[in-house]
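Asks:
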Amino acid sequence: MELKKLIYTVDADGIAVITMNYMKNLNAIDEQMADELMYVVDAAEKDPNVKVVVLKGTDRAFSAGGDIGYFYDLIQAGGEVNMDGLIGKVGVVANGLKRMSKLVITSVCGASAGAGVSLALGGDFMICADNAKFILAFVNIGLVPDTGATYLLTKSLGTARTMELAATGRPVSAEEAKELGLAYKVVAKEELDEATMKFARKLAAGPLLSYKNIKKQIYDAAYSDYKQWLAETEIPTQRECAASMDFQEGCKAFMEKRKAHFEGK
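Reminder that position 130 of the sequence shown reads as 129 in numbering that gives the first Met the number 0, one-by-one numbering, no gaps.
(1) Who pairs with ALA60 in a beta bridge, going by DSSP?
(2) Can you name the start and end residues of the alpha helix (DSSP H) that VAL91 belongs to?
(3) Skipping 5 residues on each side, what residues in its chain have a beta carbon closer than 8 Å to that of ALA166?
(4) For ILE14, which residues does DSSP report across the bridge?
(5) Run through DSSP, which three-state label would PHE124 get?
(6) Does the separation of the CB atoms of PHE246 and LEU142 fall below 8 Å?
(7) Measure the C-alpha to C-alpha separation of GLY13 and GLU44 and round it to an integer number of angstroms.
(8) Have a look at ARG59 and ALA110 and give me their C-alpha separation to the nearest angstrom.
(9) My output table needs one value for LEU25: the three-state DSSP class, helix, strand or coil.
(10) Would you mind listing the beta strand (DSSP E) stretches within the stretch 186-222 that are 3+ residues and don't spill past its ends, in chain order?
(11) Classify ASN266: buried if its beta carbon has 16 or more other beta carbons within 10 angstroms, exposed otherwise.
(12) Only counting the same chain, and skipping five residues up and downstream in sequence, which positions put a Cβ closer than 7 Å to that of SER100?
(13) Going by other Cβ atoms of all chains shown within 10 Å of its Cβ, with 16 needed for buried, is ASN48 buried or exposed?
(14) Can you give the Cα-Cα distance for LEU191 and ILE17, rounded to whole angstroms?
(15) Throw me the rounded Cβ distance for the VAL80 and ALA241 pair, which I believe falls under 8 Å.
(16) Does ASP219 get closer than 8 Å to chain C when you measure Cβ to Cβ?
(17) What separation, rounded to the nearest whole angstrom, lies between the Cα atoms of GLY77 and PHE70?
(18) Where ASP46 and MET37 are concerned, what is the direct C-alpha to C-alpha distance, given to the nearest angstrom?
(19) Tell me, to the nearest whole angstrom, how far the beta carbon of LEU151 is from that of LEU118; I am working on the premise that it is less than 8 Å.
(20) Tell me whether the stretch 156-163 and the stretch 215-230 touch, counting them as touching only if at least three CB pairs, one residue from each stretch, are closer than 8 Å.
What follows is the structure, encoded as structure tokens:
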């Protein structure tokens with residue numbers, strides 16, 4: 000596959016680096032980005048030369064989540080917004096990262112919003128720049144979290160804290176993410192790449208079979224129903240929200256830079 004929105008490399012140490020690199024929309028995840036992510040996650044899993052995977056964005060942002068501008072244009076044109084295909088694809092990516100036999104590090108600089116938060120949580124270790132910010136922004140446009148965010152956060156933080164973050168959509172700083180146990184390490188922005196690759200090289204030189212089977216144990220203990228949940232809970236709940244007038248209003252308000260007026264319809 001020709002990669003237009005990602006950069007994928009594998010270095011001599013066996014570290015595969017997936018860089019989301021489409022700053023035109025701050026690495027928003029559209030169908031093409033989702034297709035490319037599915038492709039490289041599968042390629043990294045199947046490549047015997049890959050020992051560790053790093054998923055990162057750029058200095059400006061990790062990922063802004065969904066492409067709200069695209070949804071806005073559809074709404075303005077009177078078209079139907081159907082996210083089932085996109086959510087299904089990013090669900091494959093989300094589950095693929097957790098099921099992968101190689102350890103995954105997410106390296107986060109700048110903003111992660113919406114599905115970007117989900118991808119940041121999708122690895123086994125998250126290393127953040129001190130300017131990282133996480134926003135479960137779905138509720139602000141009348142949607143529910145997707146790409147596995149609610150599932151992963153409930154497993155990590157419990158139901159009460161997940162409800163707070165999902166229902167308020169408030170920002171979470173890098174330091175708070177570390178305090179909550181979501182981030183492994185927080186470093187200065189200019190040190191992020193070096194810290195990430197140093198840790199990746201340490202893991203790549205470690206007992207890979209042990210890591211593989213630790214991941215399998217954890218997946219089977221905590222995530223064995225993940226794929227089913229994505230298909231049977233996440234997609235239908237987002238489908239209902241995406242068909243609502245509240246979602247249309249949320250998109251319009253976001254793009255028009257005004258306060259949304261939701262009616263619960």
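For glycine and all other residues, C-beta sits at the position ideal for the given N, C-alpha and C.
Quantities reported herein were computed from a predicted structural model and do not represent experimental measurements.
Replies: Taking the coordinates as given:
(1) Reading the sequence shown from its first residue, position 61 is the one you call residue 60. Partner(s): ALA110.
(2) Taking the first residue of the sequence shown as position 1, residue 91 is located at position 92. Residues 83-98.
(3) Your numbering for residue 166 matches position 167 in the sequence shown. Only VAL138 meet the Cβ criterion.
(4) Taking the sequence shown and counting its residues from 1, one reaches residue 14 at position 15. ILE14 pairs with VAL51.
(5) Along the sequence shown, one-based indexing puts residue 124 at 125. In this structure, PHE124 counts as strand in the three-state DSSP scheme.
(6) Residue numbering aside, residue 246 sits at position 247 when the sequence shown is read from its first letter. Residue numbering aside, residue 142 sits at position 143 when the sequence shown is read from its first letter. It is a contact, given that the beta carbons lie within the stated cut-off.
(7) For the purposes of this step, residue 13 is taken as residue 14 along the sequence shown, with counting starting at 1. For the purposes of this step, residue 44 is taken as residue 45 along the sequence shown, with counting starting at 1. Distance between the alpha carbons of GLY13 and GLU44: 12 Å.
(8) Taking the sequence shown and counting its residues from 1, one reaches residue 59 at position 60. Taking the sequence shown and counting its residues from 1, one reaches residue 110 at position 111. Taking the straight line from one Cα to the other gives about 7 Å.
(9) One-based indexing of the sequence shown puts residue 25 at position 26. The answer is coil: DSSP assigns LEU25 none of H, G, I, E or B.
(10) none
(11) As displayed, the chain neither begins before 0 nor continues past 264, which places residue 266 out of reach and without an answer.
(12) Here residue 100 refers to the residue found at position 101 of the sequence shown. GLU44, LYS211 and LYS214, listed in sequence order.
(13) Reading the sequence shown from its first residue, position 49 is the one you call residue 48. It is exposed - the Cβ of ASN48 has fewer than 16 other Cβ atoms within 10 Å.
(14) In the sequence shown, the residue the question calls residue 191 occupies position 192. In the sequence shown, the residue the question calls residue 17 occupies position 18. Near 15 Å, if we compare the C-alpha coordinates of ILE17 and LEU191.
(15) Residue mapping note: residue 80 aligns to position 81 of the sequence shown, counting from 1. Residue mapping note: residue 241 aligns to position 242 of the sequence shown, counting from 1. About 5 Å; that satisfies the 8 Å criterion.
(16) Although the question refers to chain C, the structure presented lacks it and comprises just one protein chain.
(17) Position 78 of the sequence shown holds residue 77. Position 71 of the sequence shown holds residue 70. Approximately 11 Å between the Cα atoms of the pair.
(18) Start at 1 with the first residue of the sequence shown, and residue 46 comes out as number 47. Start at 1 with the first residue of the sequence shown, and residue 37 comes out as number 38. C-alpha separation (whole angstroms): 14 Å.
(19) By 1-based counting over the sequence shown, the position of residue 151 is 152. By 1-based counting over the sequence shown, the position of residue 118 is 119. Actually they are not in contact, since the Cβ atoms of LEU151 and LEU118 sit about 10 Å apart, beyond 8 Å.
(20) no
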